[in-house]
Amino acid sequence: MDKTFQPQQIEDYWYKSWEERGYFSPTGEGTPYCIAIPPPNVTGRLHMGHGFQHAIMDALIRLHRMQGHQTLWQVGTDHAGIATQMVVERQLAGANTNRNEVGRVAFVNKVWDWKDESGGIITQQLRRMGSSLDWSRERFTMDEQLSNVVQRVFISLYEEGLIYRGNRLVNWDPELHTAISDLEVNSEEEDGYLWHFNYPIVDSENYLTIATTRPETMLGDTAVAVNPEDKRYAHLVGGFVELPLCNRRIPIISDNYVDPEFGTGCVKITPAHDFNDYEMGKRHGLEIINILTDDASINDDAPEAFRGLDRFEARERIVEALKSLGLLEKIEPHKLKIPRGDRSGVVVEPYLTHQWYVATQSLADPAIKAVEDGDIEFVPKNWENTYFSWMRNIQDWCISRQLWWGHRIPAWYDSEGNIFVGSSESAVRQKHQIPEGKELRQDEDVLDTWFSSALWTFSTLGWPDDLEYFDKFHPTDVLVTGFDIIFFWVARMIMMTLKFTGEIPFKKVYITGLVRDEHGQKMSKSKGNILDPIDLIDGIELDALVKKRTSDMMQPHLRQKVEKLTRASYPAGIAAYGTDALRFTYYSLASTGRDIKFDVGRTEGFRNFCNKIWNAARYAMMNSEGKLLSSERNPAEYSSADRWILSRLEQTTEDVLAALADYRFDLASQSLHEFIWNEYCDWYLELSKPILWDEDKNPQAAESTRWVLLTVLERSLRLLHPFMPFLTEEIWQKLAPLIGIRGDSIMLQPYPELDPANFDEAAQAEITWLKGIILAIRNIRGEMDISPAKSIRAFLRGSDEQDKIFLQLNRVYLQKLAKLESIEWLSPDQPTPTCATGLHDSVEVLVPLAGLINVSAETARLKKEIGRLEADLKSASGKLNNKKFVSRAPEPVVIKERAKQEKIQAALAALREKLGELNNPLT
RNA sequence: AGGCGCGUAGCUCAGUUGGUUAGAGCGCUACCUUGACAUGGUAGAGGUCACCAGUUCGAAUCUGGUCGUGCCUACCA
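The number in the working numbering is simply the position in the first sequence, starting from 1, with 338 added.
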């Protein structure tokens, strides 16, 4: 074995070996356990959020597989309509063409080519994470089988009247030329202006001053509104204003929606270009005038002077024109929320179009009930509030997208505009008896990607035609996902799955936090703080990292800033930490908070942890080379140290199992880290040395120790395997045979179960005592500046026979671990030379000065210790002197406090006496 | 404007139903290449648990308020 753990040498080998041997597919007869992967974008790349969530899912999957369940982690990807189409369109733009020139069929073929070319990247990256996904069942939302489900669901909802076509305002992305749902719009506060314009009042010399943030929309104004309670304008309601530049008269109406406090208290109403105005237009029967094209430039229904202008240019021209007419009252700076498409980043326009909608109300009711009744549980629980608040105000879902990449809407129109929905043109003709001569045209649009994702848990399991897996694994057990897609995906899956299968899609929803950088900033390309999980595994040179972060930037002017930040954060680049260290970092950060600040320092720490385990294994195996271990064990031969470490391991097993049952991966990982490093390595390994190095003296003890050393490590590896699959497999393969365990892989070994017989109070007490004495001596050494190389003498003094017995039993350990020349027992009345003193419980630990020790240093040390004890005593005595405490606190608490007080008093007395002796030596 | 969350060591975070000497990792200080590991060992420094009030014998933990901070939803044109 190498002296240090080299993850890159083993990871690929083991992953391939597992995959080839089919270990990721469900086997056996146990209770089925299933997780459906949240399908990543087929052409995407792995990011930290994926890494985090897959680490969690893989731990759950490996745990249940080891626990004997038939375990399926269903894998697949989605087609990510908008994102993927954008990529290919950009390529076309690079080649000086566009999708319209290429044509629909050829374009879609190009997307498939792109998918075939780059679609494997993310699945390869998932493998690098160690994810034990069942690749033999990989699915894609555009697969024929899944597409059939999409179509079937669409038709069925349509026939039931739950899908309809509507003409209403949608969020329109003028760059992508498609409608997008409210969820795909991000509104951020930006700096803008509030323009005040004067609209001349008809039959009057006066003006009505309106305020607007979007002057260009005035071309589509069809009213001006005031609040009915607003006395300033009451007399004008019912009258008209002359709409400047447009030669139109529009009415002055009153509506409660208008806030008299804001702006001038007087609002222009543009029903075709604002959601609120649209509603008001409906209330008042106003005309709806659309003034934009698909590109968001001014259309031909607007005055000639502005036709064809881009919306922002039109804005400037209109302000100019109004100014020259003397109708510009003033311009105020104003902060407002600007809605931008989350894919394109351009300002989204409310736009009147025909789209397809899902009527969600009847689907939402049972979906709400499923969570209310506890059939589906969110972890942590308070996410249920988020779910409820959205579901109870749910809007109809706009599912059509004006794209070519996706599931085409199975609807056909005749020349009169009649709609026919069916699985194909011929099916439609047959059903509605439409003669061949009559032309039918299929709807050009495709469905929102989330529509197919909503069917994911059951479509991937073969519903409705091949029910073997569906019957076995559905509902799935848990969904692991981020809170950012509770609405996009989780809620919609619950609705659709209940509707079509009558089952919930999953029993639990584990909501993870969002991975941010070490300062809590969201990771984004423009901030330049993106970390790539693969770089943390393989490492990356600083220059390569800078290049990666600054290439393909949307805003090139940020390049310098990003470079500076990167060089400051990672002056030496990123080291290759390996998958196990990265995964362990994710677990350690997986607490209940909603922000996960990712700190590379922790990954480095866990890389060191991997190395620690590696070296512990190296030690255990080096000491077992060529030794025959009989598998017949007689626990009576176990030493206290043996029984102690077995007891601690049992406690760790209990803690890990409890933490996992609660989805507290942070607690599970912490408890494993603590046990392996601070108990097994720091203490048990050290305690084993005197036994193993002196094997001739007591061969039987040595063999027991060797056995326990290997057994505890082997079981720890199994406990650890769901978290660190590669390291544990590599070591386990070599180690397990030494204690007679046969098996092809640690993956297929049983996960440790609780065995309370291993708890051993007596051994715990003894080793706690031993550690306490060693610590006291080391403390004296450390603070007295006694070289670790120097052997020293020590005495223990006390009145408890138990302590004397412990000394006899543990003399060898004490001598080795505290580097003692000798250690002897003194009864309380025996005099001592001048000593440095430490305490463990009631035992005094004495190190003779004999020229070693600086008296003033020891005096200072004792005074510090005395000060500490005095503070503790004050707190304990304070409580006990309080009559109310004694009378009202539960008995055990009072008893505990009394014991504490007595212990401190005794310790104080001892130390004070020593202090006195130091300054007034007896000898 | 509503809703949710957070504020504990220099940094990143644990702290279960109130009773601990308030913990871990990283960083820091001193010493140590001892036969698993310097990706290491030993010892140590460092916290009025944001602030105020209340409940309680007892509050980091429960209640109310204040301040700071983050996110989500809905928005005033």
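Ideal Cβ positions, reconstructed from N, Cα and C, are used throughout, including at glycine. Just so it is clear, the structure is predicted and the values come from calculations on it, not from any experiment.
Comparing C-alpha positions only, which one of E439, S1137, S1083 sits nearest to E1182?
S1137
Neighbourhood of P364 by C-beta, 6 Å cutoff - its chain only, sequence neighbours within 5 removed:
Q408, T409, L410
Let me make sure I understand the geometry here. Which of H692, I842, N972, I1124 has the alpha-carbon closest to that of G755?
H692
I'd like to know whether the C-beta atoms of R932 and G851 end up nearer to each other than 8 Å.
yes
Could you give the DSSP three-state label for N505: helix, strand or coil?
strand
For K965 and N1036, the rounded distance between their alpha carbons:
15 Å
Suppose only complete runs of 3+ residues qualify. What are the beta strand (DSSP E) ranges in the stretch 840-911, listed by chain order?
844-850, 852-854
Under 8 Å, with one C-beta from each stretch per pair, do the stretch 934-951 and the stretch 1006-1017 reach the 3-pair mark?
yes
Excluding five sequence neighbours on each side, which residues of the same chain lie with their C-beta closer than 7 Å to the C-beta of P1308?
The shown model of the chain, from 339 to 1261, leaves out residue 1308, and the question about it has no answer.
For V605, list the residues DSSP reports as bridge partners.
A563
Going by Cα to Cα distance, which pick from L1164, Y537, L880, N436 is closest to A1132?
L1164
So if DSSP puts T547 in a beta bridge, which residue, or which two residues, is it bridged to?
N536
Between the stretch 619-636 and the stretch 555-565, do three or more beta carbon pairs fall short of 8 Å?
yes
So the candidates are L1057, A708, R1206, Q740; which of them puts its Cα closest to the Cα of V847?
A708
With distances taken from CA atoms, which of H402, N628, D340 is nearest E367?
H402
Residue(s) in a DSSP beta bridge with H672:
G530
Sub-8 Å separation of F1268 and L471 beta-carbons
Absent from the model: residue 1268. The displayed extent of the chain is 339 to 1261, so no value can be given.
Please determine, among L1005, A954, V1046, the residue with the shortest C-alpha to C-alpha distance to E975.
V1046
Report the rounded CA-to-CA distance for A919 versus K935, giving the unit in angstroms.
16 Å
Would you give the residue range spanned by the alpha helix (DSSP H) that R1135 belongs to?
Here R1135 belongs to no alpha helix (DSSP H); instead the beta strand (DSSP E) covers 1130-1135.
Look at the alpha carbon of V317 and the alpha carbon of D597, and state the distance between them as a whole number of angstroms.
One cannot answer for residue 317 here, as it falls past the ends of the chain, which runs 339 to 1261.
Residues near T1261 by beta carbon distance below 8 Å, same chain, minus five either side
Per-residue confidence for T1261 stands at a pLDDT of 47, beneath the threshold of 50, marking its modelled position as unreliable; no derived number is given.
Please return the same chain residues whose Cβ sits closer than 8 Å to the Cβ of W982, not counting the five positions on each side in sequence.
Y1022, D1098, A1101, Q1102, E1104, I1105
To which residues of the same chain is T422 closer than 8 Å at the C-beta, ignoring the five residues directly before and after it?
N379, V380, T381, V449, W452, K453, W743
Which one or two residues does DSSP pair with V717 in a beta bridge?
Y848
What residue range does the beta strand (DSSP E) around H745 cover?
Element bounds for H745: n/a, residue is neither H nor E.
First and last residue of the alpha helix (DSSP H) that includes I1084?
Taken as a continuous stretch (DSSP letters only), I1084 belongs to no alpha helix (DSSP H), as it is neither H nor E.
Taking just the CA atoms, how far does D993 sit from L1211?
33 Å
Is the CB-CB distance between I373 and D815 below 8 Å?
yes
Measure the alpha-carbon distance for H573 versus I737 and round it to whole angstroms.
46 Å
Confirm, please, whether the CB-CB distance from V784 to E513 is below 8 Å.
no
Let me make sure I understand the geometry here. Which of E722, D870, A792 has the alpha-carbon closest to that of I849?
E722
Measure the C-alpha to C-alpha separation of S592 and V579 and round it to an integer number of angstroms.
14 Å
What separation, rounded to the nearest whole angstrom, lies between the Cα atoms of H1174 and A958?
It should be pointed out that residue 1174 corresponds to Ala in this sequence rather than to His. Rounded to whole angstroms, A1174 to A958 spans 37 Å at the Cα level.
Beta carbon of S777 nearer than 8 Å to that of S753:
Position check: residue 777 holds Glu in this sequence, whereas Ser was assumed. In contact: E777 and S753 (Cβ atoms closer than 8 Å).
Apply the 10 Å Cβ neighbour rule to N900 and answer buried if 16 or more other Cβ atoms are within range, or exposed otherwise.
Reading off the sequence, residue 900 comes out as Val, not Asn. Per the 10 Å Cβ criterion, buried.
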